[in-house]
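Chemist:
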Amino acid sequence: MTDLSNARNSRSVVTGDPQLKKLMTSYGVDQQVKYLHLQAEVESLWQQQQLLKQQRLVLH
Numbered sequence: 032m033t034d035l036s037n038a039r040n041s042r043s044v045v046t047g048d049p050q051l052k053k054l055m056t057s058y059g060v061d062q063q064v065k066y067l068h069l070q071a072e073v074e075s076l077w078q079q080q081q082l083l084k085q086q087r088l089v090l091h
């Protein structure tokens with residue numbers, strides 16, 4: 032799957048907020064792809080942080 036089709040498929044899932052969806056459609060596909068990649072990276076980092084926090088609690 033290309034970045035373009037990923038952006039189109041992910042956009043509807045990621046943007047449950049109608050205002051955010053409207054705002055995103057005003058940007059080019061390349062900007063939407065960059066946004067989705069950043070959003071995925073933030074989610075991944077948050078999950079890593081939660082895992083580390085949980086591991087720290089188990090060790091103490």
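To convert, note that position 32 of the sequence shown is 63 in the working numbering; the numbers rise steadily by one, no gaps. Heads up, the beta-carbon is just placed ideally off N, CA and C, and yes, glycines get one too.
1) For Tyr66, I'd like the list of residues in its chain whose CB is within less than 8 Å of its CB, leaving aside the five on either flank, ordered along the chain.
2) Alpha carbon to alpha carbon, how far is Gly47 from Lys84?
3) When DSSP labels each residue in this structure, what does Asp48 get in the three-state scheme?
4) Let me confirm a value: Gln70 is counted as buried when at least 16 other C-beta atoms fall within 10 Å, else exposed. Which label applies?
5) Rounded to whole angstroms, what is the Cα-Cα separation between Gln50 and Leu90?
Modeler: So, from the listed chains and residues:
1) Met55, Tyr58
2) 29 Å
3) coil
4) exposed
5) 43 Å
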